[in-house]
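Protein chains in written order, with the working numbering: chain A, 109 to 286; chain B, 14 to 158. Working notes, structure below.
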Amino acid sequence: MIKWRPLNACVAMLLVTLAAGCSSPASREAMVPSGGAISKHFQSSVRVQTGGGSETGALDSSNISDADFKLAIEDAIVQSRLFKTVVQGADGDYELSVRITSLTKPVFGATFTVDLETAWSLTRSTDRSAVMRKSVKSTGTATMGEALVAVVRLRLAVEKAARENIGQGLQAIAELNL
Amino acid sequence: MHRFLQTIAILAVTAVVLSGCAVNRATGNVDPSVDLPALKTMYVRRIPADDGTHVLIANKLRTKGVVVSTGVEPPPDNVDAVITYIDKWFWDITMYMLELTIVIRDPKTDFPLATGNSYHTSLTRLSPQEMVNEVIDNIYKAGKK
């Protein structure tokens with residue numbers, strides 16, 4: 109039987125705080141939507157740029173880094189075959205810029221709901237004309253049934269919001285006539 | 014020995030709990046196609062429950078040479094941009110602004126032209142005025158690049 113003397117209580121609190129306090133960033137793989145919903149395939153190339161994201165500190169809550177978001181969008185484009193190729197540098201037929209405008213996360217709760225807004229703009233490289241400019245809003249929810257530890261639950265909610273957001277953004281591009 | 018362990022444990026818990034209160038983040042970014050100084054008239058869309066942040070944002074924008082109006086109604090037709098914001102407050106001894114996100118939008122399409130965000134937890138908390146100043150200054154700084 110454990111006697112809850114101050115020492116025991118403090119050690120227990122420390123262990124709980126440490127176990128619960130290690131945040132991890134949204135994972136690139138988990139942000140990639142399934143590519144099945146997109147039926148259009150453009151015969152052109154695209155370059156992807158991202159901005160507005162932030163790194164996840166050890167004592168912070170889960171964030172989306174620009175690098176991981178870029179890779180997730182590129183993976184989604186490749187998997188859906190929305191564009192023929194994804195290029196790096198300045199050689200693409202189109203430039204896709206996706207900026208994270210707001211990522212609203214809860215601080216407490218059993219079910220975590222995260223709201224994400226991004227600004228998607230697609231520019232034709234030859235004449236720098238804007239083909240699409242769109243605000244994409246998405247929501248991700250994670251319950252205690254999915255993860256008991258709060259920081260994991262929050263990461264899952266962030267990843268769901270990002271996955272939904274990328275899916276909506278690519279769907280909007282698929283509706284264009286390029 | 015027991016007293017020593019107890020002291021160490023209390024200090025460790027205190028350190029872990031308090032160090033969680035020192036997260037700082039301040040970002041600003043602008044769409045490459047946007048010329049921020051060209052946006053001369055803006056409308057701050059006030060959150061109905063907000064009683065002060067919209068005033069701080071409007072006053073700070075005025076120092077940038079922008080003509081600013083505020084309100085909860087849809088924006089008038091003649092503005093160059095609409096400002097929306099999300100202010101998140103938290104309690105630690107007193108209430109403080111934990112996070113502020115300000116978005117400058119195209120009035121016709123709602124497209125986010127520029128965004129700034131500041132996040133400061135309790136130990137490094139800033140006043141609402143300082144939060145607003147930091148976010149707007151970071152947006153304009155990003156617009157110069």
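Quick reminder that beta carbons are idealized off the backbone N, C-alpha and C, glycines included.
Identity of the residue in the options nearest residue i by Cα
{"i": "L113 of chain B", "options": "B:Y98, B:K121 and B:P120", "result": "B:Y98"}
{"i": "D105 of chain B", "options": "B:R138, B:V145, B:T40 and B:I60", "result": "B:R138"}
{"i": "L204 of chain A", "options": "A:S210, A:W228, A:A265 and A:E272", "result": "A:W228"}
{"i": "L286 of chain A", "options": "A:P141, A:A166, A:S147 and A:S152", "result": "A:S152"}
{"i": "V47 of chain B", "options": "A:R241, A:T251, A:E267 and A:A282", "result": "A:R241"}
{"i": "Q157 of chain A", "options": "A:G165, A:S173 and A:S142", "result": "A:S173"}
{"i": "K73 of chain B", "options": "B:F124, B:A155, B:M144 and B:G156", "result": "B:M144"}
{"i": "P89 of chain B", "options": "B:G65, B:K121, B:Y153 and B:P45", "result": "B:K121"}
{"i": "K178 of chain A", "options": "A:G159, A:S169 and A:L190", "result": "A:G159"}
{"i": "L167 of chain A", "options": "B:V36, B:W102 and B:D44", "result": "B:V36"}
{"i": "P141 of chain A", "options": "A:L256, A:F150, A:R189 and A:A255", "result": "A:R189"}
{"i": "V80 of chain B", "options": "B:E86, B:V92 and B:P87", "result": "B:V92"}
{"i": "G156 of chain B", "options": "B:L49, B:G84, B:K53 and B:N130", "result": "B:L49"}
Euclidean distance between Cα positions of residue i and residue j
{"i": "F216 of chain A", "j": "L262 of chain A", "result": "10 Å"}
{"i": "I70 of chain B", "j": "T128 of chain B", "result": "13 Å"}
{"i": "V95 of chain B", "j": "R16 of chain B", "result": "60 Å"}
{"i": "A51 of chain B", "j": "I149 of chain B", "result": "16 Å"}
{"i": "T249 of chain A", "j": "R207 of chain A", "result": "22 Å"}
{"i": "A62 of chain B", "j": "D235 of chain A", "result": "45 Å"}
{"i": "M55 of chain B", "j": "S82 of chain B", "result": "7 Å"}
{"i": "C34 of chain B", "j": "A134 of chain A", "result": "With a pLDDT of 44 at C34 of chain B, under the threshold of 50, the modelled position of this residue cannot be trusted; read the value that follows with caution. Taking the straight line joining both Cα atoms gives about 22 Å."}
{"i": "K63 of chain A", "j": "T212 of chain A", "result": "Residue coverage of chain A in this structure runs from 109 to 286, which leaves residue 63 of chain A outside it and unanswerable."}
{"i": "I146 of chain A", "j": "F124 of chain B", "result": "24 Å"}
{"i": "T193 of chain A", "j": "D183 of chain A", "result": "11 Å"}
{"i": "D176 of chain A", "j": "S131 of chain A", "result": "16 Å"}
{"i": "V195 of chain A", "j": "N171 of chain A", "result": "26 Å"}
{"i": "R155 of chain A", "j": "G65 of chain B", "result": "42 Å"}
Per DSSP, the bridge partner or partners of residue i
{"i": "D100 of chain B", "result": "B:L113"}
{"i": "S210 of chain A", "result": "A:E225"}
{"i": "R38 of chain B", "result": "B:Y132"}
{"i": "E203 of chain A", "result": "A:R155 and A:T231"}
{"i": "T247 of chain A", "result": "A:D223"}
{"i": "T107 of chain B", "result": "B:D105"}
Inset, instruction - At 4 residues or longer, and completely inside the region 142-188 of chain A: list those alpha helix (DSSP H) runs for me, N to C. - result: If we require 4 residues or more, the alpha helix (DSSP H) runs fully inside the region 142-188 of chain A come out as 174-188.
Inset, instruction - Pull out every residue of the region 42-70 of chain B whose Cβ sits closer than 8 Å to any Cβ of chain A, in chain order. - result: Cβ contacts with chain A come from N42, D44, P45 and S46.
Inset, instruction - Could you run through the region 158-180 of chain A and flag, in chain order, every residue whose CB is less than 8 Å away from some CB of chain B? - result: The region 158-180 of chain A vs chain B, Cβ under 8 Å: G159, G160, S162, G165, L167 and D168.
Legend entry - Contact residues within the region 115-127 of chain B, judged by C-beta distance below 7 Å to chain A: If the cut-off is 7 Å between Cβ atoms, the region 115-127 of chain B has V116, T122, D123, F124 and P125 near chain A.
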